[in-house]
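**Q** For reference, the structure I am asking about is given below.
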Amino acid sequence: MKNLIALVIAVAATCTPLLVAAEASSTTADASPVAATAGDPARGKHLFNHYCIVCHGTGGGGGIGPSLKGLSNRLSAQDVAKQLTNPRAAMPKFSPGPLSDQDVRDVAAYVLAL
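Residues -21 to -1, 1 to 93 (mature numbering (1 follows the signal peptide of the UniProt record, and there is no 0)) are what the sequence shown spells out, left to right.
Printed below as a string of structure tokens:
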């Protein structure tokens, strides 16, 4: 009986940290939903034409804002999403705001396809 109790305690002591680490890992993954899944470039184009075209021009060719063509050579979808959610310079912040996390992923997918 003592051996059984010792075995149960040993298993619990071994598994508890693993379960806590697994829960923390899943919480961390959920904390950044913007980068969690790929976006839809077709939907992103529609959103781009509504929110971004004024500054970045038709097809992302530039205007008031810089050209967005060729970004896929140097940026990831997560980088583009970060710029949309935490912009630098004069660019407005789109999330939280008019764009949902899925919208941000969609716009990022479109921009990277330019």
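C-beta: ideal position from N, C-alpha, C; glycine also.
Helix, strand or coil for K48? Go by DSSP, reduced to three states.
**A** If DSSP states are grouped into helix, strand and coil, K48 belongs with coil.
**Q** Give a yes or no on contact between the stretch 22 to 36 and the stretch 50 to 58, applying the rule of three or more CB pairs nearer than 8 angstroms.
**A** At 8 angstroms Cβ cutoff, the stretches do not touch.
**Q** Going by DSSP in three states, C34 sits in which element: helix, strand or coil?
**A** If DSSP states are grouped into helix, strand and coil, C34 belongs with the helices.
**Q** Does the Cβ of A3 have 16 or more other Cβ atoms within 10 Å, making it buried, or fewer, making it exposed?
**A** Its pLDDT being 42, under 50, A3 is placed unreliably in this model, and the coordinates cannot settle the point.
**Q** Roughly how many whole angstroms lie between the Cα atoms of S79 and V90?
**A** The alpha-carbon atoms of S79 and V90 are separated by roughly 16 angstroms.
**Q** Could you round the C-beta distance between C34 and G42 to whole angstroms and report it? I think they count as a contact, below 8 angstroms.
**A** Yes, they are in contact, since the Cβ atoms of C34 and G42 sit about 6 angstroms apart, within 8 angstroms.
**Q** Would you mind reading off the limits of the alpha helix (DSSP H) that contains K72?
**A** Counting along the chain, K72 falls outside any alpha helix (DSSP H), and DSSP gives it neither H nor E.
**Q** Could you pull the start and end residues of the alpha helix (DSSP H) that D19 belongs to?
**A** From DSSP, D19 is part of no alpha helix (DSSP H); its letter is neither H nor E.
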